[in-house]
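Mapping to full-length UniProt numbering: the sequence shown position 620 is 620, numbers consecutive. Glycine is no exception: its CB is placed at the ideal position from the N, C-alpha and C atoms. Since the model is a prediction, treat every value here as computed from it, not as a measurement. Okay, so here's the structure we're looking at.
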Amino acid sequence: MLPTMQERVVFEKTPQTQRIRTRVYHLVQVPRSFSGSTFAVATASFLLSLFLYCLLLRTTAETQARTWDDARALAIATTAQLTLDEKVGILIGKGISGSRCIGDTGPVTRLNIPNLCMNDGPAGLRATKGVTGFPAGINAASTFSRRLMRARGVALGEEFRGKGVRVYLGPAMDIMRSPKAGRAWESFGPDPWLGGEGAYETVMGVQSTGVMACAKHLIANNQEHWRYGLSSDIDDRTLHEVYWWPFLRSIEADVSAVMCAYNRLNQTSSCHNKNLLTNVLRKEGGFKGFVISDWGATHDSVEDNVDAGLDMEQPGDWIVIGGGVYGNNGLKNAVQNKKISESTLNGMVTNVLTSYYKINQDGPYPAVNFDAQKPDGSGPNNKNVVVRTAAHTALAREIAAASAVLLKNNKSGSLGLPLGQPRTIAVIGQDAKMPSPDCNLNMCNDGTMVIGWGSGSYSLDYVVPPVDAIKSHLSHTGVVTSSLSNDIRAAVSAAKGKDVAIVFANAMSGELGFYDIVVGNMGDRNDLALWWGGSSMIEAVAAVNKNTIVVIHSVGPVNMGWSNHLNITGIIYAGAPGEQTGPGLVDVLWGLNPRYPSGRLPFAISDNEADYPAPIIYNSDGFPTIKYTEQLLLDYRYMESTGINPRFDFGFGLSYTKFEYSDLEIRPSGDGATVIVTIKNAGLVPGTEIPQLYLGFPTNAGEPPKVLRGFDEVFLQPGGSSSVRFPLNERDLSIWDVPSQSWVRPAGAFTVYVGGAHSDIRLQGIF
């Protein structure tokens, strides 16, 4: 397809055009000394130059995303050319056994419309090899870095595209309502504003590569037990201000698709909830892409789902859990029997094709080169394309380091962090060793935890465990002793007499679905304890070693009653850091990258489960109704409102240097405000500060005491300073007004709090 005039004008103004033009000119230019006898050579060179230029012009133009209006016009024109069977094929999955991907659609070969290969997971390609295992969403949140969130999205998009996947089934943006929720690690934590930034940056990054992103799971998908039919009953204000907020930010990033969840919302299944899919998502949110069901999440009749606003059903062949209403000719028969109009069907197809055209997937695209139905992605026509790159590995390592949260550091002489060059060091705990790479969907916990289990997992082939990375780093300068089990006697024996003991422990969770129960945990964690007696092992080691460093890998908060032990000189919360867990951790432990540690907790860590107001419902006589009575008060919001002081607060994280805050300035405007502060590195080494802005609403607004509304990432040399700006837009300053069904800015005084964590406020002011 030739570029439009508008595309050519845009193209002509880009720096890339000038580089291309220069390269083509130098490639085919004719020597200045040519004579008339070489006219044919000159002509040939000119034509070659013109051909190459036009080819590059077209290729570059195709990478420029179309507007929604232009894409929809193309989609409408294409839909008009389709037969009924072709339309239905685009809207129904090809089935688990009929696809080489996790999900798929039927192609229209005569119009060059391909099948739309869809694949998990949100942190890396599931069910294939030769891919990078990136840190999980909860670790992306721990970086508090838009830069790294965006870069992670770009790298994910590049790998999905390289494997021929057209729809990235992510990002997940399910609020961590309970710290024990099984799949919360796939998303960005309990704070909707932080989750919204994670969603926005991920979508922008993924879709910049020409891969469609699919925001999931709409909505209030907050526990694994009973997920196929529980009802999340939420008042309208809470729904908008907490659970809807990240989805709204993904729409502002032009997300291509939204996946409706298994659970019901206010007693109506998410995938045939007209208020949710039509009124909230499209009319209020302005969503312009297509709605896809979670796998087997359709219920009731075809007409109910279509009328509600569901476009595509996946996987197309599941009649389990009441699913599969479009398949088995259900959708086609409904159209032929006039239960669904042809114009409605056309609108559904148009929604899918609009997203397809929006990011130019009608241009050149790699073919699918794996088979997700095989455990390792092998199969017929699998070219074993390796999409891992050195750049992606380096990025995974950087995010692993940037998301590591330093919770404690009693630096005293040779003790504490960063470590010098200890002569003897003990590495303790099975969480330090290589996990089994053959554990299907990561459904076991027999080594270092890099990610949870279920559909959000990926191949563990390239994991570099902590013990290997530490041994490699100290290969010429120290002696490493290891005890790679959680046997307490072996741990104590290894730790005695060593300069440093590094103890690793973890807590894991994952997807319930049709997957196995892992060590007695049915997706959601049973409690907040460390697995395999981790706490007892930590305490036993600390009793015999005065320089004990603790590293925790977990999917969320864990009990840390041992954190004040005098011999525990350092604690690092490393989360679910992906395949480069070992190298990333070495960078932090020895201070090899001056930017880190800079990670911040994306949740509060408290001592008692009761300090978190939303329990998991484990037991029920049938699908339960779960009332979200905590409303806006989740995690740190609830704790502050009830006077609970967590062990480690939301946004908390230490550095190897110290920072000073000054010069708070608030500049109100008609529709928002800008807050400006100065950050100075007052320490002796370089470091990164994560300044955070919290907002206190007018007292009559009914909001939590203060809520996150800004953060930044500031790297400074010793003595260096930087001015940081926090923009606050109209919605940042608004509450959801139920009577008017709109965002309304309450009248009265707002308080601005700026500091290094929710409970580490350095500056405040009022406007």
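Three-state secondary structure (DSSP) of residue i
i, result
"H217", "strand"
"C260", "strand"
"G416", "coil"
"K339", "coil"
"residue 775", "Any property of residue 775 remains undetermined from this structure, which presents the chain solely from 1 to 767."
"F648", "strand"
"P668", "strand"
"M149", "helix"
"D663", "strand"
"V167", "strand"
"I251", "helix"
"S554", "strand"
"S37", "Per-residue confidence for S37 stands at a pLDDT of 39, beneath the threshold of 50, marking its modelled position as unreliable; the derived number appears in the next sentence. Correct three-state label for S37: helix."
"K680", "strand"
"H590", "Looking at the sequence provided, one finds Trp at residue 590 rather than His. It is coil, neither helix nor strand."
"I761", "strand"
"W453", "strand"
"Q29", "Its pLDDT being 35, under 50, Q29 is placed unreliably by the model, and the measurement read from it follows with that caveat. In the structure shown, Q29 sits in coil (DSSP, three-state: anything other than H, G, I, E or B)."
"A574", "coil"
"T548", "strand"
Straight-line gap, residue i to residue j (C-alpha atoms, nearest Å)
i, j, result
"N729", "S669", "9 Å"
"G520", "S509", "11 Å"
"Q764", "A127", "49 Å"
"M522", "G454", "11 Å"
"R595", "I90", "47 Å"
"V677", "V707", "18 Å"
"T424", "A540", "19 Å"
"T389", "L116", "25 Å"
"R227", "G513", "8 Å"
"A749", "T699", "8 Å"
"H272", "F370", "33 Å"
"R100", "Q373", "6 Å"
"S269", "N567", "52 Å"
"V738", "L441", "43 Å"
"V41", "V368", "Note that V41 scores 37 on pLDDT, short of 50, meaning its location in the model is unreliable; the coordinates nonetheless yield the value given after this. Spanning the two alpha carbons is a distance of roughly 41 Å."
"I549", "A490", "17 Å"
"M348", "G696", "43 Å"
"G205", "D120", "16 Å"
"S97", "L733", "49 Å"
"I76", "A297", "28 Å"
"L169", "C214", "5 Å"
"L74", "E86", "17 Å"
"G153", "G124", "10 Å"
"V588", "T83", "59 Å"
"K288", "N222", "26 Å"
Check whether residue i and residue j have beta carbons under 9 Å apart
i, j, result
"E460", "S485", "First, the residue type needs correcting, since residue 460 is Leu and not Glu in the sequence shown. Not closer than 9 Å, so no."
"K216", "A155", "no"
"F650", "H553", "no"
"G196", "L265", "no"
"V544", "K496", "yes"
"F134", "I399", "yes"
"R66", "Y357", "yes"
"F715", "G756", "no"
"P122", "A80", "no"
"V291", "Y326", "no"
"V685", "G591", "yes"
"I251", "G198", "no"
"P691", "Y656", "no"
"M560", "I605", "yes"
Rounded distance between the beta-carbons of residue j and residue i, thought under 8 Å
i, j, result
"L276", "L194", "About 23 Å; that fails the 8 Å criterion."
"N263", "S231", "7 Å"
"V586", "I470", "6 Å"
"I92", "G229", "Actually they are not in contact, since the Cβ atoms of I92 and G229 sit about 23 Å apart, beyond 8 Å."
"K180", "I644", "That pair is no contact at about 18 Å."
"V88", "K383", "V88 to K383, Cβ: 31 Å. No contact."
"I113", "P602", "Not quite, the Cβ-Cβ distance comes to about 40 Å (not below 8 Å), so this is no contact."
"P718", "G683", "6 Å"
"F144", "F726", "Contact doesn't hold; Cβ gap of about 13 Å is too wide."
"R525", "A507", "7 Å"
Exercise for review: Go through the UniProt domain "Fibronectin type III-like" (689 to 759) residue by residue and report every complete run of the beta strand (DSSP E) that reaches 3 residues or more, in order.
Suggested key: 692 to 696, 707 to 711, 714 to 716, 721 to 728, 735 to 737, 742 to 744, 751 to 757
Exercise for review: Pick out the complete beta strand (DSSP E) segments inside the segment 471 to 542, 3 residues or longer, and give them in chain order.
Suggested key: 479 to 483, 500 to 507
Practice item. Pick out the complete alpha helix (DSSP H) segments inside the segment 65 to 152, 4 residues or longer, and give them in chain order. Key: 68 to 79, 84 to 91, 137 to 143
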